[in-house]
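Colleague: Residue numbers (my numbering): 64 to 228. Structure provided below as structure tokens; questions to follow.
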């Protein structure tokens, strides 16, 4: 197979500007992912810990086979929505391995609005179930939820199959 020859000049100003721009984008993405992993903020985390509860990602880690990879789906869902108060749309979804079998995990983050369902939580949950269906994966649900987020409950059932309604 023939090798493609690069005509890029890594010493050029344009190359350096592009490289720096992309480094900033990677840093921004890393910061956003870290913020999403923190969940509902320090006060909610402290309250959760005081109650002796495991954080959502700790529950997922405890479920998965040791050393198993976890491919998280849409960790930045609901970014910039709900005044930034719903990291990951309040739910962690992804593919991991349990007892040697790949499964799709859906887990509420009770540090985000008490684990309640916002409209984007419903969309993310349904998307995760669709991924499981298309890939013939069983679903494992780690539920810690207060139900529908009451101030937005009228918007919680607008999607595919009306989320069971």
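The C-beta atom is built at its ideal place from N, Cα and C for all residues, glycine as well. Only a predicted model underlies this, so the values are computations on that prediction, with no experimental measurement involved.
Taking the alpha-carbon positions, what's the residue 122 to residue 142 distance?
Modeller: Answer to the nearest angstrom: the Cα atoms are 23 Å apart.
Colleague: DSSP three-state call for residue 71: helix, strand or coil?
Modeller: DSSP places residue 71 in coil when its eight states are reduced to three.
Colleague: Per DSSP, residue 135 forms a beta bridge with which residues?
Modeller: Paired residues: 157.
Colleague: Within 10 Å of its beta-carbon, does residue 85 have 16 or more other beta-carbons around it, so buried, or fewer, so exposed?
Modeller: Exposed is the call here.
Colleague: Decide if residue 118 is buried, meaning its Cβ has at least 16 other Cβ atoms within 10 Å, or exposed.
Modeller: Its Cβ being crowded by 16 or more others within 10 Å, residue 118 is buried.
Colleague: In chain order, what residues of the same chain have a beta carbon less than 7 Å from the beta carbon of residue 74, not counting five sequence neighbours either side?
Modeller: So no residue of the chain qualifies.
Colleague: Just how far apart, CA to CA, sit residue 132 and residue 124?
Modeller: Cα to Cα, the separation comes out at about 10 Å.
Colleague: Under three-state DSSP, which class holds residue 114?
Modeller: The answer is coil: DSSP assigns residue 114 none of H, G, I, E or B.
Colleague: Residues in the same chain with beta-carbon distance under 6 Å from residue 177, minus the five sequence neighbours each way, listed in chain order, please.
Modeller: Excluding positions up to five away in sequence, the list reads 209.
Colleague: Using beta-carbon positions only, say whether residue 181 and residue 159 come within less than 8 Å of one another.
Modeller: Cβ distance not < 8 Å, so residue 181 and residue 159 don't count as in contact.
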